[in-house]
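Peer 1: For the sequence shown, our numbering gives the first residue as 373, with consecutive numbering after it.
Have a look at this one.
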Amino acid sequence: MIVIGAGISGIAAARTLHSYGHVVEVIEKGRGVGGRMATRRFAGARFDHGAQFFTSRGSEFTKLIENANRDGAVKKWTNGFSDNPDGYARWCGSSGMTSLVKWMVAEGNINVRTATTVTDLRDMPANAYVLTPPVPQSLAILSFSQMLPNPKTQIELSAISYKPTIAILLRLDQSPERFPEHGGVQFLEHRDLAFISDNQRKGISDEPAFTVHLSNELSDSLWEDSDEEVLAATTALIKDHLNGVAVTDFQIQRWRYAGPEEVRAEPTIVWGANPTIALAGEAFAGPKVEGAFRSGVAAAEMINVALSSS
Ligand SMILES: Cc1cc2nc3c(=O)[nH]c(=O)nc-3n(C[C@H](O)[C@H](O)[C@H](O)COP(=O)(O)OP(=O)(O)OC[C@H]3O[C@@H](n4cnc5c(N)ncnc54)[C@H](O)[C@@H]3O)c2cc1C
């Protein structure tokens, strides 16, 4: 069986299929695992530049997080970002957000082939495929492979659209004063900003390093601007948080598919026999990291049932 994508949904699917005794290979276009749970090093600092934290509500995900915490792969970041924390745990990877997915791969003994972009599924014959890239990218692979679902499902899937986020990674020459000690500022109502993370206070970087997420609206309007223009707009917006500290280096990451506009209620979509095909990821089952995990598990469960009864 083949799973496309080594984000949390793909690895969750692979672990579940593996637990049922199936032989699974995960194919990932990036150089490492984690997908949008992304961590990067540059200028001597470490940055989470996709998802910043996750919560855990369902019992299966909570059990996974307890085990990852026991093994030192994740840690509780804070119980809330506001002045009156709601007491609900926000978790992060202990060495950046990729830590959780890396641990899931190692602990589950999952076979991942990185740096391999899938364009045609027929090049890698299998009795089942789980596709976990953002839905437009999965549809492109399926179209090229001539394995699209029925026209009604195609139309429904084509309607799933995504919001963009620009992430600005700032290497700072020192740690700004008067920043929340836990290292996170979440903007729930702000027109232009979504999140600022101080990766040093968060405990994943030895050196001072901010990650700034612009709001979906501002990301959209600055999308075509140069990196220097995005940097200038960002430093002006977060001037008070920088508190006079200089930016010594920066990188910009444009997330075209940061998150779906709407999440579909069903946890996965499965069709076909030999091959059986499942679509999974955070566009299904509930948003964000835990929703993506649940979707991956659900896709694997349904494929296992489909193959057992065929
Ligand atoms: C800026 C940003 C901030 C976020 N903040 C949060 C947050 O604070 N909390 C939270 O819970 N969630 C957050 N999220 C959402 C969270 O990151 C996602 O819900 C989750 O990581 C999605 O996992 P996934 O496995 O569904 O998809 P992905 O992680 O996107 O995995 C899909 C994988 O498929 C690979 N792929 C794509 N095409 C191909 C191909 N052709 N061949 C091979 N591989 C391919 C990709 O490289 C990727 O690794 C954020 C996301 C972004 C972008």
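Glycine included, each C-beta is placed from N, C-alpha and C at the ideal position.
Can the beta-carbon of Ser587 be found closer than 8 angstroms to that of His613?
Peer 2: Contact: no.
Peer 1: What ranges does the alpha helix (DSSP H) occupy inside the segment 391-469, keeping only unbroken runs of at least 4 residues that lie completely in it?
Peer 2: With a minimum length of 4 residues, the continuous alpha helix (DSSP H) runs that stay inside the segment 391-469 are 431-442.
Peer 1: Have a look at Tyr534, Gly616, Ala581, Ser591 and flag the residue whose alpha-carbon is nearest the alpha-carbon of Ala605.
Peer 2: Of Tyr534, Gly616, Ala581, Ser591, the residue nearest in Cα terms is Ser591.
Peer 1: Please work out which residues of its chain come closer than 8 angstroms, Cβ to Cβ, to Ala417, disregarding the five sequence neighbours upstream and downstream, and give them in chain order.
Peer 2: Excluding positions up to five away in sequence, the list reads Arg543, Asn571, Gln572, Ser577, Asp578, Glu579, Pro580, Ala581.
Peer 1: Using a Cβ-Cβ distance cut-off of 8 angstroms, determine whether Leu560 contacts chain C.
Peer 2: Absent here is chain C; the protein component of the structure consists of one chain.
Peer 1: Determine which residues share a DSSP beta bridge with Pro632 and list them.
Peer 2: Bridge partners of Pro632: Tyr534.
Peer 1: Inspect the CB distances between the segment 646-666 and the segment 508-528 and report whether three or more fall short of 8 angstroms.
Peer 2: Segments in contact, yes.
Peer 1: Pairing CB atoms from the segment 465-475 with CB atoms from the segment 403-413, are three or more of them under 8 angstroms?
Peer 2: Touching, per the Cβ criterion.
Peer 1: So what's Gly616 in DSSP terms, helix, strand or just coil?
Peer 2: Note: Gly616 maps to coil in three-state DSSP.
Peer 1: Quick one, are the C-beta atoms of Pro632 and Ile532 less than 8 angstroms apart?
Peer 2: For Pro632 and Ile532, yes; Cβs fall inside 8 angstroms.
Peer 1: Which class does Arg626 belong to by DSSP, given the choice of helix, strand or coil?
Peer 2: Note: Arg626 maps to strand in three-state DSSP.
Peer 1: Quick one: Cα of Phe419 to Cα of Gly465, how far?
Peer 2: Approximately 12 angstroms between the Cα atoms of the pair.
Peer 1: Tell me whether Met476, by its Cβ, gets closer than 7 angstroms to a heavy atom of ligand 1.
Peer 2: For ligand 1, not one heavy atom lies less than 7 angstroms from the Cβ of Met476.
Peer 1: If you drop the 5 nearest sequence neighbours on each side, which residues of the same chain put their C-beta closer than 8 angstroms to that of Ala670?
Peer 2: These residues qualify, in order along the chain: Pro639, Thr640, Ala652, Phe656, Ala657.
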